[in-house]
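Below: the structure, in structure tokens.
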Amino acid sequence: MNTVLYANSTIMIAKVKRLFKELYQGDILYEYHGNITSDSIDNVLAFIEDKLVQLEVKPSLQKKAFSVIVESIQNLYHNSDENPVDIQTETDKFGVFVISKHDDNISISSGNFIKKEKTKILKARIDQVNSLSPDELKFLYREILNNNEFSDQGGGGLGLIDIARKTGNELKYSFRDFNDKFDFLTMVIHITLND
Amino acid sequence: MKNINKGGTAKTPEVFFDAQKGSLKIKGRSIPENSIEFYKPVMDWLDQYAKEPHTSTTLNIQLEYFNTSSSKCILDIFKKLERIHNHGTEVSISWHYEPDDEDMQEAGEDYQSLIDIPFTMVEIEV
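Protein chains in written order, with this note's numbering: chain A, 1 to 195; chain D, 196 to 321.
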């Protein structure tokens, strides 16, 4: 009985790793996959702040990159609390977070499980954000900020808009089928280092 | 009433609120995962202060970073100050930002557009 369970969990972990291996591109500055906790957030932030200085990124872009990293990992923290029961990674908030550099970009990639019934709405929101001009994003941000609706974490849906405004780049994403109940969402955010 | 004298941490700002002087200050980083929890005592304090505010209240806010989780709490603070102003005392807000920090400048402008009390943008001298 135990042998069968072990064999199943090894297969499951391999299947999960296949879902996000393409996020590991370019010069990897930081990578993490596993339980996303307040501590894991503290770790990445402390590390990356120093790293951005070491890489001699322009101070204003350091701030921008840090801000976007905070927003995207906290987005992952708030959204990765649903796991398929069969992934057996012994975490309840499984997420993947990779920061990498290639040429003129810093890429911030994330991955998490999402219930299929949420996929359509989330895809629509990301597509909407990607379709808006800087002025339209500003207007939408102010509107949502002012609408008195708080999500549990206080953000109310502002995270993606904030990231889009700060980077000026499209949010790249894909939803991959995992099982009959779950998809796996990966997102890649680019910060351009040269003006 | 008691003042707030809270030191900053890696994720939360300093908060110094002095009721006797009407002087309010928030400075540092506001990036906690759950900002509602962090700002609750601040909101409660403002509700108490609103019952007997100083003739003139000034909030100086200088943030290096704030996450979207904090952004609504910050707006809520501004709205409570707006209500105090509407009851007849002077209230003003100064939003401080570093010279080449366009994001923080824009964030100040976002708030300025949503708030109806004197809201000054102050570029920090570095």
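Glycine included, every Cβ here is placed at the ideal spot set by N, Cα and C.
Secondary structure of methionine 196 of chain D (DSSP, three-state): coil. Counting the other CB atoms within 10 Å of its CB gives methionine 187 of chain A a total of 16 or more, which places it among the buried residues. As summarised for the segment 14-97 of chain A, the continuous alpha helix (DSSP H) elements at least 4 residues long and confined to that stretch are 38-54, 59-79, given in chain order. Cβ neighbours of tryptophan 240 of chain D within its own chain (closer than 7 Å, five residues either side excluded): Ile199, Phe212.
For leucine 158 of chain A, no alpha helix (DSSP H) run applies, since DSSP gives it neither H nor E. In this structure, leucine 52 of chain A and alanine 65 of chain A form a Cβ contact; the two beta carbons are roughly 6 Å apart against a cut-off of 8 Å.
Shown here, aspartate 177 of chain A sits in a strand according to DSSP, grouped into three states.
Closer than 8 Å to the CB of phenylalanine 94 of chain A there is not a single CB belonging to chain D. The continuous beta strand (DSSP E) containing lysine 115 of chain A extends over residues 105-115. Selection A:Leu132, A:Ser72, A:Leu171 evaluated against valine 98 of chain A yields A:Ser72 as nearest (Cα-Cα). By the rule that beta-carbons nearer than 8 Å mark a contact, glutamine 74 of chain A touches chain D. Histidine 282 of chain D: not part of any beta strand (DSSP E); DSSP gives it neither H nor E.
Take glutamine 215 of chain D, set aside five residues on each side of it, and the residues of its chain with a beta-carbon closer than 8 Å to its own are Asn198, His249, in chain order. Within the same chain, and ignoring the five residues on either side of glutamate 82 of chain A in sequence, the residues whose Cβ sits closer than 8 Å to its Cβ are Phe113, Ile114, Lys115, Phe182. Between leucine 19 of chain A and glycine 111 of chain A, the C-beta spacing is below 8 Å.
Among the residues facing chain A, isoleucine 279 of chain D is not included, as its CB has no counterpart in that chain under 8 Å away. Lys138, Tyr141, Arg142, Leu145, Asn146: these are the residues of the segment 115-146 of chain A whose beta carbon lies less than 8 Å from some beta carbon of chain D, given in chain order.
Threonine 315 of chain D sits close to serine 289 of chain D, with the two beta carbons spaced by under 8 Å. Annotation: the continuous alpha helix (DSSP H) that includes aspartate 305 of chain D extends over 297-309. Going by DSSP, valine 237 of chain D is part of the alpha helix (DSSP H) stretching over 230-244. In terms of beta-carbon proximity, glutamate 318 of chain D stays away from the interface with chain A, with every pair separated by 8 Å or more. At a cut-off of 8 Å between C-beta atoms, aspartate 50 of chain A does not count as an interface residue with respect to chain D.
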